[in-house]
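The numbering of the sequence shown is the working numbering, which starts it at 731 and goes up by one. Heads up, the beta-carbon is just placed ideally off N, CA and C, and yes, glycines get one too. Owing to the predicted nature of the structure, the values given are computational and were not obtained by experimental measurement.
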Amino acid sequence: TGQVLPILEDKNNHLIDALRYACEGRNLPVVVNRGEGFHKDKVNYLAEVLDDYNCLAEEVVYLGDDLFDYGIMREVGYPYCVLNSPRTLQDISAVLHCNGGENAVMCLFEDLEDRGLIPVVPYDEVMSKIYELDLKENF
């Protein structure tokens with residue numbers, strides 16, 4: 731699975747928008763099932779994401795962990811992968827210091843903050859938004 735997060739011009743509000751997308755949308759609205767005997771390249775859905783968020787491919791952050799993420803990761807401006815991703819992905823992306831399933835999205839946000847791509851938001855504000863989103867989730 732992969733995460734698409736647009737880095738928008740409005741840097742004051744986009745962290746919360748990206749967090750909302752990560753928590754609500756979680757993944758591209760596409761299911762790639764290897765068991766069906768065919769593969770849908772996620773890059774085929776990039777234009778739809780760009781249109782939905784009114785942004786350019788070079789403004790998009792994509793967090794991938796599998797070879798099926800390779801195509802879309804080659805097209806976005808900020809490709810990331812987790813530490814236990816295949817070397818093929820690590821060669822074309824920024825590698826986070828965590829494995830998949832180890833708070834990768836938070837590691838991604840911290841890296842984006844460190845690079846100055848998103849503002850640093852106080853812990854209490856981030857947690858407040860997470861709790862707000864959790865109330866809307868159906869678990």
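A residue is called buried once 16 or more other Cβ atoms fall within 10 Å of its Cβ, and residue 772 is buried on that count. Residue 811 is a Cβ neighbour of residue 794, given a cutoff of 8 Å. By alpha-carbon distance to residue 813, the top candidate from 854, 838, 828 and 845 is 828. Annotated as distal: residue 788 and residue 801, with beta-carbon spacing of 8 Å or more.
When DSSP states are grouped into helix, strand and coil, residue 780 belongs to the helix group. Its Cα nearest to that of residue 803, the residue 776 stands out among 853, 776, 784 and 783. In the three-state DSSP reduction, residue 797 falls in the helix class (H, G or I).
Here residue 816 really is in contact with residue 797; their C-beta atoms are around 6 Å apart, less than 8 Å. For the pair residue 799 and residue 826, the CB atoms are not nearer than the 8 Å cut-off. Bridge partners of residue 808 according to DSSP: 791. Secondary structure in the stretch 833-866: the alpha helix (DSSP H) runs of 4 residues or longer, each lying completely within the stretch, are 834-844 and 853-866 in chain order.
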